[in-house]
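Each residue of the sequence shown is one higher than the one before, starting from 323 at the first, in my numbering.
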Amino acid sequence: QLIDGRLSRRGVQAVLRAADTLRQVQRVLGHPLPEVVHEAITALNLDIDMLLARHMRADHAEAMLDASHVALAKSPIDAVMKLVDTYMQEIASQGMPSLRAFISWVDSLRDASEENAVAPDVPVDVVLMTVHQSKGLEWDAVAVVGMTDGGFPSNKGDNLSVVVDETHLNGFQDGIWTPPEYHENAKTWLTNPAAVPVPVRVDADILPRFPHDALVGWNPLEALEALEDAEIIDDEVFGTLRTMNVDDMEGVDPDGLYLTQSEEYGRRLHADERRLAYVAL
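Following this line, the structure appears as structure tokens:
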């Protein structure tokens with residue numbers, strides 16, 4: 323409340339509480355989105371408010387003894403966390419999920435048609451669903467919408483590029499089928515200032531290492547200091563030295579070179595897209 327251009331005592335207290343809430347959430351912004359949303363719920367005391375509201379509406383003895391009241395009080399929070407799961411699986415699988423993007427997505431749901439969210443209660447000729455929802459189900463015929471170059475596999479967010487490697491034989495040769503090999507490239511955390519650096523992530527051991535020969539559990543600063551100059555770092559990320567006409571590259575088998583970070587993440591994303599297509603078909 324403003325009084326003569328100044329905040330009242332109650333207003334100051336409200337601003338301080340808001341600042342504490344923002345700081346509490348900001349401390350976990352680098353964590354997975356479900357953790358960030360849960361921390362926001364805790365910082366806003368929504369979980370406690372739900373329990374108190376339910377307790378005030380119910381009979382005192384009933385509220386104290388009936389465990390179902392606790393479950394009912396938590397149901398709005400559970401609904402929010404289910405929305406997070408839906409966002410992660412269906413919307414953010416091709417991009418970088420964030421709290422801001424999730425809130426924008428939830429806000430856009432107000433404009434969604436109610437009719438589209440109602441499942442049919444009678445047999446229908448055509449069933450529309452996402453690839454994730456179709457997992458484990460079977461039909462006589464399936465049409466995968468949008469399976470086009472740049473659409474599926476998707477190149478949104480990470481700019482995934484998949485090109486057939488023409489230097490390797492592929493297709494039918496003398497009646498024998500040889501599967502194609504690919505050149506895959508994608509954006510990495512090294513070119514995204516908003517991304518959490520992989521070496522400090524809890525799942526770093528299952529992600530491409532940087533540098534490529536870094537040991538598991540190695541101090542990321544020591545690993546980076548082992549790179550002698552900026553050219554080597556650039557080659558680790560983009561492979562720039564390989565495209566230069568230098569004497570050191572003569573006679574080197576390209577297949578024997580380590581993958582650049584761009585190639586590592588391109589291959590990883592391409593594999594994810596192929597697994598998703600397998601689920602669809």
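Think of the CB as a built atom: it goes at the ideal place given N, C-alpha and C, for glycine as much as any other residue.
- The residue among T364, R432, L482 and H454 with its C-alpha nearest the C-alpha of L603 is H454.
- In summary, L431 is exposed, with fewer than 16 beta-carbon neighbours lying within 10 Å of its beta-carbon over all protein chains present.
- Distance between P354 and F494, taken at the CA atoms: about 45 Å.
- Of the residues assessed, Y600 falls on the exposed side of the cut-off, its CB having fewer than 16 other CB atoms within 10 angstroms.
- C-alpha of E558 to C-alpha of G588: approximately 14 Å in a straight line.
- A direct Cα-to-Cα measurement between E361 and V522 gives close to 20 Å.
- Using a 10 angstroms sphere on the CB of N507, the tally of other CB atoms reaches 16 or more, which defines it as buried.
- Around P501, the same chain offers N492 as residues with beta carbons nearer than 7 Å, after the five sequence neighbours per side are excluded.
- In the structure shown, Y580 adopts coil according to DSSP, grouped into three states.
- A552 and A341 have their C-alpha atoms roughly 41 Å apart.
- Contact between the stretch 398 to 413 and the stretch 330 to 341 is absent: fewer than three C-beta pairs spanning the two stretches fall below 8 Å.
- Three or more pairs of CB atoms, one per stretch, sit closer than 8 Å, so the stretch 503 to 520 contacts the stretch 529 to 539.
- For S430, the enclosing alpha helix (DSSP H) stretches over residues L421 to S430.
- With a threshold of 16 other beta carbon atoms within 10 Å, Q411 falls short and is exposed.
- L482 is the residue among W540, L482 and A548 whose C-alpha sits nearest the C-alpha of S584.
- Note on geometry: alpha-carbon atoms of E550 and Q346 lie some 39 Å from one another.
- According to the DSSP assignment, Q455 belongs to no beta strand (DSSP E), since it is labelled neither H nor E.
- Residue environment for T513: exposed (fewer than 16 other C-beta atoms within 10 angstroms of its C-beta).
- Residue pairing for F560: DSSP places it in no beta bridge.
- Inter-residue distance for V486 and D400 is about 45 Å (C-alpha atoms, whole angstroms).
- Listed in chain order, the non-local C-beta contacts of E357 below 7 Å within the same chain comprise V350, local neighbours out to five positions each way being set aside.
- Sorting W540, H534 and L563 by C-alpha distance to the C-alpha of Y580 places H534 at the top.
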